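Encoded as structure tokens, the structure appears first; notes follow it.
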Amino acid sequence: MFAVRPELQGAGLGKRIIAEAERRVRELWDVREMHMTVISVREELIAWYERRGYRRTGRTTLFPYGDERFGLPQRDDLEFELLIKPLD
Numbered sequence: 802m803f804a805v806r807p808e809l810q811g812a813g814l815g816k817r818i819i820a821e822a823e824r825r826v827r828e829l830w831d832v833r834e835m836h837m838t839v840i841s842v843r844e845e846l847i848a849w850y851e852r853r854g855y856r857r858t859g860r861t862t863l864f865p866y867g868d869e870r871f872g873l874p875q876r877d878d879l880e881f882e883l884l885i886k887p888l889d
């Protein structure tokens, strides 16, 4: 999991980090498509990724309730949605 600290959001750090990650996987591993999962109710975050070329697939997986690595959910309707971006 990856997140930018809230007080640093809006400074372009996330944009630079994701661009560098995409560049590295394309150049070092010859990857042609980036996949990521995002909690589906995070509409603003999904929109942020869409502005960077990711597209929603509609493919979802269940949220791992009970796995403390993912925090303590405050709702019972969470799931992950797969986002995909072609890497040219």
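Each residue of the sequence shown is one higher than the last, beginning at 802 in our numbering. Backbone N, C-alpha and C fix where the C-beta goes; we use that ideal spot for every residue, glycine too. As the structure is a prediction and not an experimental result, all values here were calculated from the model.
Sequence-distant Cβ neighbours of Arg843 in its own chain, meaning closer than 6 Å and more than five residues away, do not exist here.
Around Thr838, the same chain offers Phe881 and Leu883 as residues with beta carbons nearer than 6 Å, after the five sequence neighbours per side are excluded. In this structure, the straight-line span from the alpha carbon of Arg833 to that of Ile819 is close to 15 Å. Beta-carbon to beta-carbon, Met835 and Glu851 are separated by about 13 Å, too far to satisfy the 8 Å threshold.
Note on geometry: alpha-carbon atoms of Asp889 and Ile847 lie some 21 Å from one another.
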